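Structure record follows, encoded as structure tokens.
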Amino acid sequence: MTTQEIANRLVELCRTGQNNQAYTELFAEDAVAVEPAKWNVPDTKGVPALLEKSKNWMEDLVEMHESSVSDPIVAGNHFAVTMMVDLTTKSRGRNKMEEVCVYEVENGKIIKEQFFH
2 MTTQEIANRL VELCRTGQNN QAYTELFAED AVAVEPAKWN VPDTKGVPAL
52 LEKSKNWMED LVEMHESSVS DPIVAGNHFA VTMMVDLTTK SRGRNKMEEV
102 CVYEVENGKI IKEQFFH
């Protein structure tokens with residue numbers, strides 16, 4: 002798959018709530034997720050760890066009020082989307098977050114995702 006095809010598929014899966022499908026289908030086995038530095042959390046490495054992080058996030062979720070994912074912007078082997086979620090979680094209550102998500106692709110798979118809030 003090209004970077005554009007991967008970007009389009011990621012957006013499609015995220016818009017339909019199939020985030021785990023995105024991890025298993027589009028990410029390299031040793032992919033890395035980087036959260037904002039201000040959060041002081043370690044990078045998440047590997048699809049099993051990404052799926053575990055997603056599971057923990059879903060277990061904390063009480064209600065998703067609204068969410069959106071922009072169309073991707075592609076440049077070479079990188080692409081970016083903006084994401085917005087308005088949600089209520091057990092740990093933080095109601096919160097609205099907007100982020101820029103940047104992805105790096107190599108050999109037809111996402112090898113890195115990084116979030117900027």
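For the sequence shown, my numbering begins at 2 and goes up steadily by one.
Even glycine gets a Cβ: it sits at the ideal position worked out from N, Cα and C.
This structure is a prediction, so every number in the text was calculated from the model and none was measured.
For Pro73, count the other beta carbons within 10 Å of its own beta carbon; 16 or more makes it buried, fewer makes it exposed. Which is it?
Buried.
Out of Asp44, Leu52, Ser68 and His118, point me to the one whose CA is closest to Leu27's CA.
For the residues Asp44, Leu52, Ser68 and His118, the minimum Cα distance to Leu27 belongs to Leu52.
In terms of residue numbering, what span does the beta strand (DSSP E) encompassing Ser55 cover?
Element bounds for Ser55: not the beta strand (DSSP E) but the alpha helix (DSSP H), Val48 to Asp61.
For Asn9, report the span of its alpha helix (DSSP H) as first-last.
Unbroken alpha helix (DSSP H) run through Asn9: Thr4 to Arg16.
Extent of the continuous beta strand (DSSP E) run through Asn96:
Its beta strand (DSSP E) spans residues Gly94 to Glu107.
I need the DSSP call for Gln22, collapsed to helix, strand or coil.
The answer is helix: DSSP assigns Gln22 an H, G or I state.
So, at 6 Å on beta carbons, what are the nonlocal neighbours of Glu30 in its own chain, with the 5 sequence-adjacent residues on each side left out?
Val48.
Just to check my reading of the structure: Pro37 and Phe116 have Cβ atoms closer than 8 Å, yes? What is that Cβ distance to the nearest angstrom?
Indeed, because the Cβ distance is near 6 Å, the residues count as touching under 8 Å.
Which stretch, first to last residue, makes up the beta strand (DSSP E) that contains Ala32?
First-last of the beta strand (DSSP E) with Ala32: Phe28 to Val35.
Just tell me which of Val70, Glu13, Ala23 and Met65 has its CA closest to the CA of Ile112.
Out of Val70, Glu13, Ala23 and Met65, Ala23 has the C-alpha closest to the C-alpha of Ile112.
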